[in-house]
Amino acid sequence: MDSLKKYFDFEDAGQCGQLADLLFPEVKETPDDMFRRYPDRKLPEGAKVTRFAPSPTGFLHFGGLFPSTVGERLAHQSGGVFILRIEDTDAKREVEGAAASLIETLEYYGIKFDEGATADGEKGDYGPYYQSKRRDIYHVFAKKLVAEGKAYPCFSTDEELEELSKQDMKTVVKEKDRHIDPEVQREMMLKQRQFTLEDVKQSLEKGEKFVLRIKSDGNASEKHPFTDLVKGKLTVPENDEDFVLLKSDGIPTYHFAHAVDDRLMGTTHVIRGEEWLPSLPKHLQLFRYLGFKAPKYMHIAQIMKLEDGAKKKLSKRDKGANMNDYKKMGYAPECVSEYVMTLLNSNYEEWHRANPEKKYTDFPFSISKMSSSGCLFDFAKLDDVSKNVLSRYTAEEIFNGLTGWAEEYDPDFASVLKEDPDYTVRALSIGRGGKKPRKDFGVWSECKAYMGFFYDCLFEVTEMLPENTDLQDAKRILTEFSELYESGDDQQTWFEKIKEIGEKLGYTSDMKAYKADPEKYKGNVADVSGIIRLAVTGRSSSPDMYEVMRVLGKERVKARLMAYAEKI
Ligand code: GLU
132 MDSLKKYFDF EDAGQCGQLA DLLFPEVKET PDDMFRRYPD RKLPEGAKVT RFAPSPTGFL
192 HFGGLFPSTV GERLAHQSGG VFILRIEDTD AKREVEGAAA SLIETLEYYG IKFDEGATAD
252 GEKGDYGPYY QSKRRDIYHV FAKKLVAEGK AYPCFSTDEE LEELSKQDMK TVVKEKDRHI
312 DPEVQREMML KQRQFTLEDV KQSLEKGEKF VLRIKSDGNA SEKHPFTDLV KGKLTVPEND
372 EDFVLLKSDG IPTYHFAHAV DDRLMGTTHV IRGEEWLPSL PKHLQLFRYL GFKAPKYMHI
432 AQIMKLEDGA KKKLSKRDKG ANMNDYKKMG YAPECVSEYV MTLLNSNYEE WHRANPEKKY
492 TDFPFSISKM SSSGCLFDFA KLDDVSKNVL SRYTAEEIFN GLTGWAEEYD PDFASVLKED
552 PDYTVRALSI GRGGKKPRKD FGVWSECKAY MGFFYDCLFE VTEMLPENTD LQDAKRILTE
612 FSELYESGDD QQTWFEKIKE IGEKLGYTSD MKAYKADPEK YKGNVADVSG IIRLAVTGRS
672 SSPDMYEVMR VLGKERVKAR LMAYAEKI
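For what it's worth, the working numbering labels the leading residue of the sequence shown as 132, then goes sequentially.
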């Protein structure tokens with residue numbers, strides 16, 4: 132270290148102050164000015180301040196709905212604040228329109244923010260909420276770190292900078308991908324710490340660019356206990372790397388922006404993907420250097436999928452990864468949110484069974500019930516959850532959701548549904564309400580197959596009569612029922628008519644007797660109603676036939692019975 136002494140002396144406050152002024156001559160404000168501008172929040176005891184902080188590099192990923200749902204629940208359940216911060220510090224990776232699309236998608240899934248970026252600008256007193264607009268704020272703290280001998284500039288050629296920044300990126304994303312020998316790394320790092328004030332002046336005069344690095348005091352073999360609220364007790368090594376705080380364009384790295392923003396916005400709980408766990412040593416060091424109290428951390432496990440029997444990470448390209456696709460597939464947003472809740476809290480489903488009428492926002496979400504290992508994404512489970520959710524909707528709610536979806540993805544079907552809204556609502560009412568509502572569809576795209584037969588333009592007989600059906604009997608059943616059917620009949624009278632027609636032809640309505648000796652009969656009443664069902668609905672299974680006929684109306688029922696009688 133002796134050789135370093137003849138260069139810059141990080142312990143010399145005077146030198147450090149001069150260096151800070153050289154590097155940031157335009158910065159006149161101090162951290163105290165910042166704390167005055169962003170005062171501590173006055174919130175009730177225990178209120179949590181959380182934020183969702185996506186980078187606008189693409190669509191909202193299913194994995195992004197996790198931290199945002201957790202953040203929203205924890206904040207709003209505790210009377211706190213939930214913030215949407217757009218982390219747009221990496222212009223190269225930014226995708227045009229991505230921020231607006233993220234905002235729209237989050238809103239679509241009912242994730243409500245109290246502060247931050249919105250479709251019509253920003254709201255809240257702790258902004259700007261786009262990191263690209265917070266440059267001056269970061270520089271105030273960067274200057275402070277330099278003035279305290281905790282950060283230093285590193286002038287290098289563009290190529291060198293690129294190489295170095297690549298290394299930094301890798302350490303952020305995947306620690307294990309860093310192939311540089313740690314000794315070489317250390318040497319490189321120490322070399323960069325060797326400079327004089329004169330060197331810096333000259334470089335600045337020549338217009339050379341610098342990155343600002345932290346002057347790390349850590350030793351990676353020293354490990355400290357740490358509690359992550361999701362992962363539990365961990366040991367975290369000290370950071371020994373002089374990582375970049377400001378890039379050569381003066382824009383902060385994620386690490387630096389995270390520390391500054393979360394301090395000034397008053398974040399109490401940082402909820403983020405577990406891919407950030409390897410960076411935690413850097414963040415803890417940075418909070419300490421800046422004199423900030425570190426927030427509580429919750430690192431959320433990645434979403435996994437099952438492929439060929441093995442668990443794999445749900446990647447961006449997988450079906451189900453892009454949150455915008457669910458709309459097209461026909462999932463109502465509430466169904467997806469509900470599914471996310473079942474994955475997030477192990478006791479959610481049990482709670483919901485006990486409280487079927489309540490919304491997921493009534494559920495007492497708890498951090499301790501979160502899984503610390505990867506949740507498994509599964510469409511079958513999502514469909515199941517969806518069917519349950521939709522079964523509790525009123526017919527009007529289904530009508531609104533379905534027509535909204537169809538207008539965008541199946542306009543012809545939308546026109547059919549909307550031609551006579553009352554008729555459609557009546558069709559959708561069948562089997563709704565009551566203790567055991569029907570669970571026929573989980574996605575809007577399944578509705579056409581479920582209820583298309585209500586509309587003559589979509590009606591067709593798609594199934595065949597059972598092979599052993601006596602066609603003469605079938606014709607008689609259809610003709611006779613068409614003569615007897617009255618829409619004013621109550622259910623019992625209606626069924627008696629069917630039974631009577633069957634009995635006359637040798638189809639018993641005594642199911643016990645039939646089971647005891649099937650050979651004695653041509654068939655039973657289920658065969659009779661099966662024939663009628665096929666003629667009226669075109670299929671062998673349908674919602675309650677009595678109700679279906681009442682919705683279809685006498686004319687239509689009779690016409691269908693006769694048309695089929697003629698056809699067979
Ligand atoms: N911008 C980071 C990301 O998209 C956010 C991580 C965080 O929440 O701190 O991964």
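All C-beta atoms in this analysis are idealised placements derived from N, C-alpha and C, irrespective of residue type, glycine included.
Can you tell me which of the three DSSP states residue i falls into?
i: A206; result: helix
i: P412; result: helix
i: L326; result: This sequence places Phe at residue 326; Leu is not what is there. Coil at F326, not helix or strand.
i: L365; result: strand
i: I268; result: helix
i: P73; result: Examination of residue 73 is not possible in this model, given that the chain is present from 132 through 699 alone.
i: R224; result: helix
i: N655; result: strand
i: M396; result: coil
i: V574; result: coil
i: K427; result: strand
i: F357; result: strand
i: A151; result: helix
i: E591; result: coil
i: E253; result: strand
i: Y616; result: coil
i: P720; result: Residue 720 lies beyond the residue range present for the chain, which begins at 132 and ends at 699; the question has no answer from this structure.
i: Y169; result: coil
i: L377; result: strand
i: N531; result: helix
i: N519; result: helix
When the distance is taken between beta carbons, is residue j closer than 8 Å to residue i?
i: F139; j: L365; result: no
i: S640; j: G573; result: no
i: D439; j: G562; result: no
i: F612; j: I529; result: no
i: L376; j: A278; result: no
i: V592; j: Y695; result: yes
i: K500; j: N486; result: no
i: V180; j: T398; result: yes
i: F496; j: W482; result: no
i: A178; j: G228; result: no
i: L417; j: V367; result: no
i: L395; j: M165; result: yes
i: F341; j: P409; result: no
i: V520; j: E465; result: yes
i: Y638; j: G654; result: yes
Quick check on residue i: buried or exposed, where buried means 16 or more other Cβ atoms within 10 Å of its Cβ?
i: E306; result: The predicted position of E306 is uncertain, since its pLDDT is 46 and thus under 50; a value taken from the coordinates is nonetheless stated next. By the neighbour-count rule (16 or more Cβ atoms within 10 Å), E306 is not buried but exposed.
i: C578; result: buried
i: V226; result: exposed
i: M595; result: exposed
i: R204; result: buried
i: C506; result: buried
i: C588; result: exposed
i: K332; result: exposed
i: S379; result: buried
i: L736; result: Here the chain has residues from 132 to 699 only, and residue 736 is not among them.
i: T525; result: exposed
i: L602; result: exposed
i: T384; result: buried
i: M642; result: exposed
i: K566; result: exposed
i: T236; result: buried
i: T220; result: buried
Between residue i and chain C, is any beta-carbon pair separated by less than 8 Å?
i: Y457; result: Absent from the structure is chain C; it holds one protein chain and no more.
Between residue i and ligand 2, is there a pair consisting of the residue's CB and a ligand heavy atom that are separated by less than 7 Å?
i: H386; result: Among the ligands present in this structure, namely ligand 1, ligand 2 is not found.
Provide the residue(s) that pair with residue i in DSSP beta bridges, ordered along the chain.
i: V180; result: V212
i: V341; result: Note that residue 341 is Phe in the sequence shown, not Val. For F341, which the question treats as bridged, DSSP gives the partners F286.
i: C506; result: I434
i: P706; result: Because the chain in this structure spans residues 132 to 699, residue 706 falls outside the shown range and cannot be described.
i: L636; result: L636 is not bridged to any residue.
i: I234; result: Paired residues: none, contrary to the question.
Taking the alpha carbon of residue i as the reference point, which residue from the options has its own alpha carbon closest?
i: K436; options: K424, M320, A452, E650; result: A452
i: K685; options: E617, Y638, M642, I699; result: E617
i: M582; options: E314, D256, A558, Q323; result: A558
i: Y457; options: P162, Q146, P156, F190; result: F190
i: V667; options: N655, Y261, Y283, R691; result: R691
i: D393; options: C466, G461, I268; result: I268
i: Y554; options: R681, S671, G194; result: R681
i: H355; options: R419, G535, E538, E369; result: E369
i: W575; options: A388, G461, K264, G535; result: G461
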